[in-house]
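The sequence shown lines up with residues 32 to 683 when you count with the numbering used here.
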Amino acid sequence: MSAERQGDAFENLLHEERRFPPSEEFAANAVAQPSLYDEAREQGTEFWARQARELLTWEKDFTQTLDWSDAPFAKWFVGGTVNAAYNALDRHVEAGLGDRVAIHFEGEPGDTRTITYAELTREVKQAANAFESLGVRKGDRVAVYLPMIPEAVVTMLACARIGAVHSVVFGGFSADALRSRIDDAEAKLVVTSDGTYRRGKPSALKPAVDGALEKEGHTVTSVVVVRRNNEPVEWTEGRDVWWHDAVAHASEEHTAVAHDAEHPLFILYTSGTTGKPKGILHTTGGYLTQTAFTHKNTFDLRPETDVFWCTADIGWVTGHSYVAYAPLVNGATQLMYEGTPDTPHQGRWWELIEKYKVSILYTAPTAIRTFMKWGRDIPKKYDLSSIRVLGSVGEPINPEAWMWYREVIGGGKAPVVDTWWQTETGAHMIAPMPGVTAAKPGSAQVAVPGIAVDVVDEMGESVPNGSGGYLVIREPWPAMLRGIWGDPQRFKDTYWSRFDAMYFAGDGAKKDDDGDIWLLGRVDDVMNISGHRLSTTEIESALVSHPSVAEAAVVGASDETTGQAVVAFVILRGSAKDDDDIVTTLRNHVGKEIGPIAKPRNILVVPELPKTRSGKIMRRLLKDVAEGREVGDATTLSDPTIMQQIAASLRK
Ligand code: PRX
32 MSAERQGDAF ENLLHEERRF PPSEEFAANA VAQPSLYDEA REQGTEFWAR QARELLTWEK
92 DFTQTLDWSD APFAKWFVGG TVNAAYNALD RHVEAGLGDR VAIHFEGEPG DTRTITYAEL
152 TREVKQAANA FESLGVRKGD RVAVYLPMIP EAVVTMLACA RIGAVHSVVF GGFSADALRS
212 RIDDAEAKLV VTSDGTYRRG KPSALKPAVD GALEKEGHTV TSVVVVRRNN EPVEWTEGRD
272 VWWHDAVAHA SEEHTAVAHD AEHPLFILYT SGTTGKPKGI LHTTGGYLTQ TAFTHKNTFD
332 LRPETDVFWC TADIGWVTGH SYVAYAPLVN GATQLMYEGT PDTPHQGRWW ELIEKYKVSI
392 LYTAPTAIRT FMKWGRDIPK KYDLSSIRVL GSVGEPINPE AWMWYREVIG GGKAPVVDTW
452 WQTETGAHMI APMPGVTAAK PGSAQVAVPG IAVDVVDEMG ESVPNGSGGY LVIREPWPAM
512 LRGIWGDPQR FKDTYWSRFD AMYFAGDGAK KDDDGDIWLL GRVDDVMNIS GHRLSTTEIE
572 SALVSHPSVA EAAVVGASDE TTGQAVVAFV ILRGSAKDDD DIVTTLRNHV GKEIGPIAKP
632 RNILVVPELP KTRSGKIMRR LLKDVAEGRE VGDATTLSDP TIMQQIAASL RK
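1) In three-state terms, what does DSSP make of M32?
2) Any chance the CB of Q453 is under 6 Å from a heavy atom of ligand 1?
3) Exposed or buried, what is H376 when buried is set at 16 or more other beta-carbons lying within 10 Å of its beta-carbon?
4) Taking one C-beta from the segment 362-370 and one from the segment 456-469 each time, how about it: are there three or more such pairs within less than 8 Å?
5) Mind checking whether K388 and V338 have CB atoms under 7 Å apart?
6) Quickly, what does DSSP pair T152 with across the bridge? List them, please.
7) Sort R258, E245 and G231 by Cα distance to V222 and report the nearest one.
8) Whole angstroms are fine: how far does the CA of E369 sit from the CA of V503?
9) On the DSSP letters alone, give me the boundaries of the beta strand (DSSP E) that S224 sits inside.
10) Looking at ligand 1, does it come within less than 6 Å of D664, judged from the CB to the closest heavy atom?
11) Going along the chain, which residues of its own chain have a beta-carbon closer than 7 Å to the beta-carbon of D8, five neighbours each way excluded?
12) Any heavy atom of ligand 1 closer than 6 Å to the CB of R229?
13) Is DSSP giving E582 helix, strand or coil here?
14) Within 6 Å: the Cβ of L550 and any heavy atom of ligand 1?
15) With a threshold of 6 Å (Cβ to nearest heavy atom), would D538 be considered close to ligand 1?
16) Under a three-way DSSP split, which group does S198 fall into?
17) Taking 6 Å as the cut-off, is the beta-carbon of R437 closer than that to any non-hydrogen atom of ligand 2?
18) From the DSSP output, read off the bridge partner residues of W79.
19) From the DSSP output, in three-state form, read off H351 for me.
20) Excluding sequence positions up to five away, which residues of its chain have a Cβ less than 6 Å from the Cβ of H123?
21) In three-state DSSP terms, what is L128?
22) What alpha helix (DSSP H) runs, 4 residues minimum, are completely inside the segment 321-374?
23) Does ligand 1 have even one heavy atom less than 6 Å from the beta-carbon of P463?
24) Between D556 and T567, is the Cβ-Cβ spacing less than 7 Å?
25) Touching or not, the segment 419-432 and the segment 279-293, by the rule of three or more beta carbon pairs under 8 Å?
26) Which residues does DSSP list as the beta-bridge partners of W549?
27) Counting pairs of beta carbons, one from the segment 83-96 and one from the segment 106-121, are three or more of them closer than 8 Å?
28) Just verifying my parser: in three-state terms, what is the DSSP assignment at W575?
29) One question on the structure: do R513 and D485 come within less than 7 Å of each other, judged by their Cβ atoms?
30) Rounding to the nearest angstrom, what Cα-Cα distance links H313 and R210 in this structure?
31) Would DSSP call R505 helix, strand or coil?
32) Check whether the Cβ atoms of P410 and V439 sit closer than 7 Å, and answer yes or no.
33) What is the residue span of the alpha helix (DSSP H) that S211 lies within?
34) Rank S528, F204, S680 and I560 by C-alpha distance to the C-alpha of M490 and give the top, closest one.
35) By the three-class DSSP mapping on this structure, what secondary structure does S669 have?
36) I'd like to confirm the pairing. Which residues does DSSP put opposite K654 in its beta bridges?
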C-alpha cells in the first residue's frame with residue numbers, strides 16, 4: 032500500500048488533541064532533561080563520543096568518532112577497544128555492585144532464580160571457558176536456540192566475551208528455518224535446551240535442532256544442551272554435550288580481552304521483501320553506546336532502585352538490546368519471565384509486577400490489546416503502584432490502547448513512551464523523552480537526541496508538517512547495522528538506493544501539524560504480526576513448496592489483536608481438492624517450513640490471482656478482499672474480471 036493511502040486511513044488520528052505532559056515532579060527529576068536535545072544539536076557526532084565515553088568502559092580510547100568515508104559502511108569509535116561482557120558484568124562487580132540483582136528469573140511453572148551481578152559474571156566466565164574448550168574462537172558464529180531462561184543471556188554474553196558472533200534464532204522457528212540460518216552464518220556451535228514450558232506443559236526444542244542438523248553438509252561441530260524441562264531427548268554422541276557438564280564444571284576464571292569497536296557482536300535474521308531472511312550485522316562499540324544511552328534516557332532509568340521488565344523474547348532485536356545488553360551495561364535489575372501471559376491465569380504479568388515491584392515495563396501493543404480484551408478487572412486486582420514508566424514497541428500503538436495502558440496499568444500517572452526502531456537500527460530512534468515531551472497517544476513523536484529522522488516524498492524531499500511520506504534517517508547513527516551478513520550489495524540495494532544518501536526504513540510516516548511523527552506501517556511487502564516481522568514472499572515460497580499449490584499470494588490484513596494477520600490466497604494444482612483438509616494441511620506446512628508464528632490466519636482457495644499486465648500480483652486488491660472492503664481500482668489488471676471471479680469463489 033502506498034504511504035499516501037495508508038496516511039488517509041490514519042487521517043483522523045492526526046487530529047489528536049490530547050496531551051500528557053510529565054508531572055512537574057517527574058520533569059524536575061528526570062534523567063533526560065531538555066538540555067540533552069540542545070547538546071545533541073550543538074555537538075554533532077561529538078555528542079555520541081561523549082556518550083560512548085560516559086556509558087562504557089573502554090580498554091583503549093578511540094581516536095575518531097565516525098568514519099563515513101566508505102558510506103554506507105560506517106565505522107564508529109575508530110581505534111577504540113572494548114569488551115561487551117566486561118561492560119555488562121565485570122566492571123559492576125569491580126565497582127562493588129556484585130551483590131546487586133542482575134536478573135530475577137521466573138519460570139512459567141513458578142520456579143525462580145535470583146542472579147546477582149557477581150553470580151552472572153561467574154557463569155558467563157564459565158560458559159566462555161566451556162565454549163572455548165569446544166573450539167569456539169573469536170569471529171566464529173554460534174547459533175542460539177533457547178527459550179527465555181537465564182542461560183540465553185549467559186550464552187550471548189559468553190560469546191561476546193570471547194569475540195564469537197551470536198546468531199539467536201527465535202524458538203518459534205522451525206527446524207528448516209533454523210537450518211537455513213545456521214548455514215548462512217556457518218555456525219560452529221549451537222546452544223539449545225531440551226525444551227521449555229508453554230501454557231502449563233513441557234514443550235520441546237532439541238528435536239528442532241536434531242532435525243536441522245539431520246542432513247549432512249552443515250558446519251556445526253557441537254551442540255550444548257541446557258536441561259530445562261527434563262523431557263527425554265535424543266542424543267548424538269560426540270556432538271551433544273549437557274550445559275551442566277560443560278559449563279558448570281568449567282573454570283570460573285576468564286579474562287575478557289577487549290575487541291575492536293567494530294568487531295561483530297551478533298547477526299540477527301529478519302524478514303525483508305524477498306524470500307530469504309537477511310542476517311543483520313551489528314558490531315560492538317556503537318551498538319552498546321546507543322542501546323545503553325536510550326535505555327537510560329527513554330526509560331528514565333535509575334539502576335539503583337528500578338526493576339526493569341522488557342517482555343520481548345531474546346529471539347527478537349528487542350530482547351537483544353533491552354534484555355541481554357543495555358540493562359546489564361547500565362547495571363540495572365531486570366525481570367525475565369519464561370512463559371505466556373495467561374499461564375496459569377490471565378493476571379500472571381500483573382502478579383509478577385506486584386511481586387518484583389517492576390517500575391519500568393516495556394512491551395508491545397499486541398499484548399496491550401489482548402489485555403484490553405480480557406478486561407481491566409484483571410490488572411485491577413494487583414498492586415501496580417511500583418510502575419513509573421511504560422514503554423511500547425513493535426508496531427503502531429492505537430490511541431485507545433495507549434490510553435488504556437496509561438490509565439489501567441500506569442495508574443494515569445506513568446508516562447508512556449512509544450519507541451520506534453528496527454532490527455536494523457539496533458536501538459530506539461524515535462521516542463519521546465518521558466520527562467520532557469508532552470506525550471500524544473498514538474504517536475512516537477520525536478527523534479531521539481542525536482538522531483536525524485525525516486519524512487520525505489517520492490523524490491526524497493522533506494515533507495511539510497501535515498503531510499505524509501516515507502520515513503528516512505539522514506545521518507549515520509552509532510547502533511546502525513553494519514551490513515547484511517555476506518551480502519554487501521543487498522545492504523546497499525535494500526536501504527540506501529531508494530533515496531540518495533539516506534537510509535530508507537521501509538515505513539510510511541506522517542508529520543502532524545506540530546511536526547510530531549506518526550508511524551503508519553510498512554510500505555513494502557513486510558508484514559507485522561503481533562510485532563513479529565514476516566515477509567509475504569517468504570510465506571508464499573513456503574506455500575508453493577507444497578505439491579498441492581500452483582500459486583500463492585499473501586497479504587497482511589489488519590487484525591484487532593495482532594495488528595496484522597496473514598491471509599493467503601492459493602491456486603491449487605489440478606489434482607488437489609479444495610476442502611477443509613487442504614487448508615489445515617497448508618497451514619501446518621507453513622508451520623513446518625517457517626514456524627508456527629507464520630501460519631496463515633486464513634487460507635482462501637481461489638481460481639486466479641489478480642495480476643498486472645507485467646505479471647505482478649496486485650496485493651492491494653487482495654488486501655481489500657481480506658479486510659472485507661470494497662475492492663479498489665482494478666483497471667490495470669490483465670484480466671479485470673478476476674476480482675469478480677475471486678469474490679464469487681469466496682462466496683461459495
Ligand atoms: O514497521 C516498523 C515496526 O516494526 C518494524 C521493525 O520490525 P523489527 O525489525 O522486527 O523490530 C521490531 C522491534 C524494534 C518497523 O519497520 N515498528 C517497530 N516499532 C514501532 C513500529 N511501528 C510503529 N511504531 C513503533 N513504535
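Glycine included, C-beta positions come from ideal geometry on N, C-alpha and C.
On the basis of the coordinates in this document:
1) The residue labelled residue 32 in the question sits at position 1 within the sequence shown. Its pLDDT being 42, under 50, M32 is placed unreliably in this model, and the value from its coordinates should be taken loosely. Of the three classes helix, strand and coil, the one that applies to M32 here is coil, per DSSP.
2) For the purposes of this step, residue 453 is identified with residue 422 of the sequence shown, where counting begins at 1. Yes, the Cβ of Q453 comes within 6 Å of a heavy atom of ligand 1.
3) On the sequence shown, residue 376 is found 345 positions in, with the first residue counted as 1. Flag for H376 reads exposed.
4) no
5) By 1-based counting over the sequence shown, the position of residue 388 is 357. By 1-based counting over the sequence shown, the position of residue 338 is 307. Yes, these two residues count as a Cβ contact at 7 Å.
6) As a working note, residue 152 is residue 121 in the sequence shown. The partner list for T152 (beta bridge, DSSP) is empty, contrary to what the question assumes.
7) In the sequence shown, residue 222 corresponds to position 191, counting from 1. Ranking R258, E245 and G231 by Cα distance to V222 puts R258 first.
8) Locating residue 503 in the sequence shown gives position 472, where the first residue counts as 1. Locating residue 369 in the sequence shown gives position 338, where the first residue counts as 1. Their Cα atoms are separated by approximately 36 Å.
9) Here residue 224 is taken as the residue at index 193 of the sequence shown, counted from 1. Per DSSP, S224 belongs to the beta strand (DSSP E) from L220 to S224.
10) If you number the sequence shown from 1, residue 664 lands on position 633. Checking every heavy atom of ligand 1 against the Cβ of D664, none is found closer than 6 Å.
11) Here the chain covers residues 32 to 683 and nothing more, so residue 8 does not appear.
12) Here residue 229 refers to the residue found at position 198 when the sequence shown is read from its first residue. No, the beta carbon of R229 sits no closer than 6 Å to any heavy atom of ligand 1.
13) Start at 1 with the first residue of the sequence shown, and residue 582 comes out as number 551. Strand.
14) The count along the sequence shown starts at 1 and reaches residue 550 at position 519. For ligand 1, at least one heavy atom lies less than 6 Å from the Cβ of L550.
15) The residue given as residue 538 occupies position 507 in the sequence shown. Answer for D538: yes, Cβ within range of ligand 1.
16) Numbered from its first residue, the sequence shown carries residue 198 at position 167. Three-state result, S198: strand.
17) With respect to ligand 2, the structure offers nothing, as its ligand set consists of ligand 1.
18) Residue 79 sits at position 48 when you count from the first residue of the sequence shown. According to DSSP, which records beta bridges pairwise, W79 is partnered with nothing at all.
19) Numbered from its first residue, the sequence shown carries residue 351 at position 320. Helix at H351.
20) The count along the sequence shown starts at 1 and reaches residue 123 at position 92. Excluding positions up to five away in sequence, the list reads Y148 and G362.
21) Reading the sequence shown from its first residue, position 97 is the one you call residue 128. L128: helix per DSSP, three-state reduction.
22) 357-360
23) Locating residue 463 in the sequence shown gives position 432, counting from the first residue. The answer is no for P463.
24) Here the question's residue 556 lines up with position 525 in the sequence shown. Here the question's residue 567 lines up with position 536 in the sequence shown. Yes; because the gap between Cβ atoms is below 7 Å, this pair is in contact.
25) no
26) The residue labelled residue 549 in the question sits at position 518 within the sequence shown. DSSP, once it has assigned bridges, lists K541 as partnering W549.
27) yes
28) On the sequence shown, position 544 is the one that residue 575 refers to. The sequence given here places Val at residue 575; Trp does not occur at that position. Residue state, collapsed to three classes: helix.
29) For the purposes of this step, residue 513 is taken as residue 482 along the sequence shown, with counting starting at 1. For the purposes of this step, residue 485 is taken as residue 454 along the sequence shown, with counting starting at 1. Not closer than 7 Å, so no.
30) In the sequence shown, residue 313 corresponds to position 282, counting from 1. In the sequence shown, residue 210 corresponds to position 179, counting from 1. If I take the Cα positions, the gap works out to 21 Å.
31) Along the sequence shown, one-based indexing puts residue 505 at 474. Three-state DSSP puts R505 in coil, outside helix and strand.
32) On the sequence shown, residue 410 is found 379 positions in, with the first residue counted as 1. On the sequence shown, residue 439 is found 408 positions in, with the first residue counted as 1. For P410 and V439, yes; Cβs fall inside 7 Å.
33) Reading the sequence shown from its first residue, position 180 is the one you call residue 211. Run containing S211: A206 to A216, per the alpha helix (DSSP H) assignment.
34) Within the sequence shown, the letter at position 459 stands for residue 490. Selected option, being the one with the closest Cα: S528.
35) Start at 1 with the first residue of the sequence shown, and residue 669 comes out as number 638. Correct three-state label for S669: coil.
36) Looking up residue 654 in the sequence shown gives position 623. None; K654 has no bridge partner.
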